[in-house]
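Colleague: Read top to bottom, the protein sequences are chains A and B.
Numbering follows full-length UniProt numbering, with no gaps: position 87 of the first sequence is 87.
Numbering follows full-length UniProt numbering, with no gaps: position 235 of the second sequence is 235.
Yeah, the Cβ is synthetic: ideal placement off N, Cα and C, and Gly gets one too.
Protein chains: 2
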Amino acid sequence: MDLSRCSLNSVTIKGSGFTEVADLAEKWGFGGVGLWRDVLEDLDLTAAATRLRQSGLRVSSVCRGGMFPQPTELLRRKTMDDNRLAVDQAHALNADCLYLVCGAAYGDLADARRQVRDGIAELEPYARAAGVRLAVEPMHPMMASSRSVITSLQEANDLVQSIDSDLVGIGIDSYHVWWDAALPDQIARAGDKLFSVQLADWVTPIHGELSSRGMPGEGCIDMTEFVAQCERAGYRGLVEVEVLSDRWWAETALVATEAAIEGLARI
Amino acid sequence: MDLSRCSLNSVTIKGSGFTEVADLAEKWGFGGVGLWRDVLEDLDLTAAATRLRQSGLRVSSVCRGGMFPQPTELLRRKTMDDNRLAVDQAHALNADCLYLVCGAAYGDLADARRQVRDGIAELEPYARAAGVRLAVEPMHPMMASSRSVITSLQEANDLVQSIDSDLVGIGIDSYHVWWDAALPDQIARAGDKLFSVQLADWVTPIHGELSSRGMPGEGCIDMTEFVAQCERAGYRGLVEVEVLSDRWWAETALVATEAAIEGLARI
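1. Below 8 Å, how does it come out for the segment 106 to 121 of chain A and the segment 206 to 214 of chain B: are there three or more Cβ pairs, yes or no?
2. Quick one: which chain B residues come within Cβ less than 7 Å of residue 252 (chain A)?
3. Since I believe residue 98 (chain A) is in contact with residue 65 (chain A) (beta carbons under 8 Å), could you give me their beta-carbon distance rounded to a whole number of angstroms?
4. Apply the 10 Å Cβ neighbour rule to residue 257 (chain B) and answer buried if 16 or more other Cβ atoms are within range, or exposed otherwise.
5. Given this structure, state the Cα-to-Cα distance separating residue 196 (chain B) from residue 223 (chain A), to the nearest angstrom.
6. Using the beta-carbon count (16 or more within 10 Å), is residue 157 (chain A) buried or exposed?
7. Please classify residue 129 (chain B): does DSSP put it in a helix, a strand, or coil?
8. Residue 105 (chain B) to residue 183 (chain B), Cα distance in whole Å?
9. Mapping the DSSP letters down to three states, classify residue 202 (chain A) as helix, strand or coil.
10. What does the Cβ neighbour count give for residue 10 (chain B), buried or exposed, with the cut at 16 atoms within 10 Å?
11. Taking residue 13 (chain A) as the reference, give the member of A:262, A:267, A:253 with the closest Cα.
12. Residue 297 (chain A) by DSSP, collapsed to three states: which one?
13. Could you pull out every residue in the same chain whose Cβ sits closer than 7 Å to the Cβ of residue 51 (chain A), ignoring the five residues on either side in sequence?
14. Identify, in the order they occur along the chain, each residue of the same chain with its Cβ nearer than 8 Å to the Cβ of residue 109 (chain A), setting aside the five sequence neighbours on each side.
15. With DSSP as the reference, label residue 237 (chain A) as helix, strand or coil.
16. So, is residue 4 (chain A) buried or exposed, given that buried needs 16 or more other C-beta atoms within 10 angstroms?
17. Kindly provide the ranges of any beta strand (DSSP E) runs that are 3 or more residues long and lie completely inside the segment 54 to 110 of chain B, ordered along the chain.
18. Using a Cβ-Cβ cut-off of less than 8 Å, give me the residues of the segment 220 to 244 of chain B that come near chain A, in sequence order.
19. Do residue 55 (chain B) and residue 26 (chain B) have their C-beta atoms closer together than 8 Å?
20. Straight-line CA distance for residue 75 (chain A) to residue 130 (chain B)?
21. Given a threshold of 16 other Cβ atoms within 10 Å of its Cβ, counted over all protein chains shown, does residue 16 (chain A) qualify as buried or as exposed?
22. Less than 8 Å between CB atoms is the rule here; does residue 174 (chain A) satisfy it with respect to chain B?
23. Looking only at DSSP bridge pairs, what is residue 4 (chain B) linked to?
24. Tell me the rounded alpha-carbon separation between residue 242 (chain A) and residue 45 (chain B).
25. In the structure shown, what three-state DSSP assignment does residue 178 (chain A) receive?
26. Our contact map puts residue 200 (chain B) next to residue 174 (chain B) with C-beta atoms below 8 Å; I'd like the distance itself, whole angstroms only.
27. Pick from B:177, B:141, B:119, B:73: whose alpha carbon is nearest that of residue 163 (chain B)?
28. Hey, does residue 92 (chain A) have any beta-carbon neighbour from chain B nearer than 8 Å?
29. In chain B, what lies closer than 7 Å to residue 208 (chain A) by C-beta?
30. For residue 167 (chain B) versus residue 137 (chain B), is the C-beta distance shorter than 8 Å?
31. In this structure, what does DSSP give as the bridge partners for residue 250 (chain B)?
32. Going by beta carbon distance, what residues of the same chain come within less than 6 Å of residue 219 (chain B), once the five residues before and after it are set aside?
33. May I ask you to report which of helix, strand or coil DSSP gives residue 153 (chain A)?
34. Quick one: residues in its chain with C-beta nearer than 6 Å to the C-beta of residue 246 (chain A), no 5 flanking neighbours on either side, listed in chain order?
35. Would you list, in chain order, the members of the segment 147 to 168 of chain B that have their beta-carbon closer than 7 Å to a beta-carbon of chain A?
36. So, for residue 86 (chain A): in the same chain, excluding its five sequence neighbours on each side, which residues have a beta-carbon less than 8 Å away from its beta-carbon?
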C-alpha cells in the first residue's frame, strides 16, 4: 500500500511521544497518525493539531473511550467523565474517530452487553455536539474478560444498528476478527459504518492477550484480502498499522516503523 | 455436581498413566474418565475396557481425531489413517464419543473449512461401521491458526447439520465458547447433537493459547448456567472436567484432582 493511504499508530512505537510519532510519520510519508491517549497527556492539543495540519497528517483515530460496564455507579460516572474528555481530545485533533473499547464483563455477560449499549447511547449526544464519530471495536474473544464483551463484527454491527446514529460506527482491526467465518459478510454489512481500519497480524504462539501481535505479513492473516474487503464495503479512510508487540517494542521506534512500512509494502 | 455425573479427563492430571487416572476416578466416585490418546499408547485396550467396566467407569470421550486440513496429500492420508486408529481406540473402549479437533488453516481459512467438512464426511462411514460417535469441538478463536478453524458453536452446528449423520455431533467445552453472545441459542440448537460437555474456566491473564485454563470456579465463566443450558438442551451424559493448566500440572495428580472436585462441588 502507498503510505499516503496509511496511518502510523502511536502504540506501534510505544514509548515515543507525540513529536516523535508525528516526525516519523511525516518523514516516511504516512497519510496520518493514530494516537493513543497516553501521548496526549500534558500536550497542547491546539498546537499539536496545527503541527499535524502543517505536515499534512490526519489523525485517523484516537484510542480510546469505552469501558462502559463498571462494578459501581461511582466508577461508571467517572468512566463517563473520562469518555467525554476523550471526545474533547478527538475533537481538538479533528480525528476521524474515537475508538471505543467497550469494556469487560463484571459477572454476567448479557448484563455487560446491556451496559455497553446504554453507555454508548448516553455518550452519543456529547459526541454529536462535538462532531466526533465513535468507532465500536469488536475485539478478540480472548479479551472478553479483560477489555471488551463485543467479540465479533456481527455483534458490533448489531449494536451499531440498534443505536442507529450516523456518529456511531465500527473500527475494525484485522487481529481481532480475522478468524471469523462470517467476516466477509459482516464487513460488507458494515458498509459506510466502517469508520476505521487497523492492521496487525496474528502470530502463533501468543504469550498473552495483548501484545503478541505481528507486523502485517509476519503472521497468518491475508492482509491484502482484508483491506480489499474493507474497500469493497466502501472504506476510503486511512489504514492504520497498530501493532502491540513486546518484540517490536524492544526495538527502537525507527526500526519498528521500518518493519511496519515493509509489511505495508507487501499489501 | 454429584461426581457420579462427572468424568475426570486424563489431561487434567497430565503425566498420569491410564491406571492412575482410573484409580483416581474410581477412588473419588467419578462416573467416568475422558482419555487423551497419549495414555492409550502401548495399552492393552481390551484389558483397559474390562478394568473400567469392573469399576463402573464409563469412557466419556477419547481425544482426539481431526486435523483434517493438511498441506500435502501424503500428510492428509497419514492423518486419515491416524483418525481411523482413533476411531478403533474409541470403539475398543466403548467411548461415548471421539473428539474432533478439526485442524488449523494452512493459508486460506475458507479452504481449510472445506477440508474439515470433507474430512469428516470421509471418516464418517468408518466411524459408523465401528459405532463411534464423532464430536466436532468448536475451539477458541485464538486457536484458529494452531488447532481448529471451527471457532464457534454456530459454525460447528452448521457443519454438523450439513453432514447430517446421527454419528456426527458436538463436543462443547466451556473454555472455548463462553464469550459468545449467541451461545445460549446455539446450545439449544445443538439439542440431541450434543455428544459431550467439558468444563474449564477462563482465567485472565492467559500466558498462551493452550494451557492457561482454570478449574471450574477459578475464572469468570458461569459454570452452573453453562451446565444448565446444556441440560435444558437435552444433554444427559457425563460432564468432563478437562483443564489444561501449567499451574495445576505442576501439582501432583492427587492435588489437581482434589481441586477439580472442589470446583465441581460448587456447580
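Modeller: Walking through what the data contain:
1. Contact between the segment 106 to 121 of chain A and the segment 206 to 214 of chain B is absent: fewer than three C-beta pairs spanning the two stretches fall below 8 Å.
2. One finds nothing in chain B with a Cβ atom closer than 7 Å to the Cβ of residue 252 (chain A); even the nearest lies about 27 Å away.
3. Between residue 98 (chain A) and residue 65 (chain A) the Cβ distance is about 5 Å, and since that is below 8 Å, they are a contact.
4. So residue 257 (chain B) counts as buried.
5. Whole-angstrom Cα-Cα distance: 37 Å.
6. With 16 or more other Cβ atoms from the protein chains shown falling within 10 Å of its own Cβ, residue 157 (chain A) counts as buried.
7. Reduced to three states, the DSSP call for residue 129 (chain B) is helix.
8. Taken atom to atom, the span from the alpha-carbon of residue 105 (chain B) to that of residue 183 (chain B) is near 24 Å.
9. Residue 202 (chain A): coil per DSSP, three-state reduction.
10. When all chains shown are included, residue 10 (chain B) counts as buried.
11. That would be A:253, whose Cα lies nearest to the Cα of residue 13 (chain A).
12. Chain A is shown from 1 up to 267; residue 297 (chain A) falls before or after that span and cannot be answered.
13. Here the set comprises 22.
14. Same-chain partners within the cutoff: 144, 149.
15. Correct three-state label for residue 237 (chain A): coil.
16. By the neighbour-count rule (16 or more Cβ atoms within 10 Å), residue 4 (chain A) is not buried but exposed.
17. Those beta strand (DSSP E) runs which fall completely within the segment 54 to 110 of chain B and span 3+ residues are 58 to 66, 98 to 101.
18. Those residues of the segment 220 to 244 of chain B that come within reach of chain A (Cβ to Cβ, closer than 8 Å) are 220, 222.
19. A contact, by the Cβ cut-off of 8 Å.
20. Going from the Cα of residue 75 (chain A) to the Cα of residue 130 (chain B) covers about 58 Å.
21. Taking all protein chains in view, the Cβ of residue 16 (chain A) is crowded by 16 or more other Cβ atoms within 10 Å, so the residue is classified as buried.
22. Answer no: the Cβ-Cβ gap between residue 174 (chain A) and chain B never drops below 8 Å.
23. Per DSSP, none; premise fails for residue 4 (chain B).
24. Between residue 242 (chain A) and residue 45 (chain B), the C-alpha separation is close to 52 Å.
25. Of the three classes helix, strand and coil, the one that applies to residue 178 (chain A) here is coil, per DSSP.
26. Between residue 174 (chain B) and residue 200 (chain B) the Cβ distance is about 6 Å, and since that is below 8 Å, they are a contact.
27. Across the set B:177, B:141, B:119, B:73, the C-alpha of B:119 shows the shortest separation from the C-alpha of residue 163 (chain B).
28. With 8 Å as the cut-off, residue 92 (chain A) does not count as an interface residue toward chain B.
29. Listed along chain B are 205, 206, 207, each with a C-beta nearer than 7 Å to that of residue 208 (chain A).
30. Contact check for residue 167 (chain B) against residue 137 (chain B) fails: the beta carbons are separated by 8 Å or more.
31. According to DSSP, which records beta bridges pairwise, residue 250 (chain B) is partnered with nothing at all.
32. Contacts found: 201, 202, 203.
33. Three-state result, residue 153 (chain A): helix.
34. Listed in chain order, the non-local C-beta contacts of residue 246 (chain A) below 6 Å within the same chain comprise 211, local neighbours out to five positions each way being set aside.
35. Result list: 151, 155.
36. Non-local C-beta neighbours of residue 86 (chain A) in its own chain, meaning closer than 8 Å and more than five positions away in sequence, comprise 37, 62, 64, 65, 98, ordered along the chain.
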